[in-house]
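Numbering (our numbering), first residue to last: 11 to 106.
The structure under discussion appears below in the form of structure tokens.
Below, the structure is given as structure tokens:
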């Protein structure tokens, strides 16, 4: 449910995004979820491009990058469990 359609604006994803500083990376299951997260950021009055979104399919583009913070949407972990080796590989590439 989108915020404009009566969403509560108090969900786990909303709170996680609100806590992330600019320059952070947020892991999502699909880029469609990333679009929704950008929508939430815009609704919060934040720059939707201030946070980088990555999936297990495109995490390789972040190799060697430095992040201010890293967090993952609950849906990311639900799907990453079945692809444990890829999730572990991603986290091993992170440099803080």
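Glycine included, each C-beta is placed from N, C-alpha and C at the ideal position.
Computed from a predicted model, the values in this text were never measured in an experiment.
Quick check: the Cα distance between residue i and residue j, rounded to an integer number of angstroms?
{"i": "residue 61", "j": "residue 21", "result": "18 Å"}
{"i": "residue 57", "j": "residue 66", "result": "24 Å"}
{"i": "residue 69", "j": "residue 39", "result": "11 Å"}
Excluding the 5 residues preceding and the 5 following residue i in the sequence, name in chain order all residues of the same chain whose CB lies nearer than 7 Å to its CB.
{"i": "residue 64", "result": "35, 37 and 72"}
{"i": "residue 43", "result": "83 and 85"}
What does DSSP give as the partner residues of residue i in its beta bridges?
{"i": "residue 35", "result": "62 and 80"}
Below 8 Å between beta carbons: does that hold for residue i and residue j?
{"i": "residue 50", "j": "residue 27", "result": "yes"}
{"i": "residue 47", "j": "residue 78", "result": "no"}
Residues in the same chain with beta-carbon distance under 8 Å from residue i, minus the five sequence neighbours each way, listed in chain order, please.
{"i": "residue 52", "result": "58"}
Hey, which unbroken runs of the beta strand (DSSP E) at 3 residues or more fall wholly within the segment 51-95? 62-64 and 80-82
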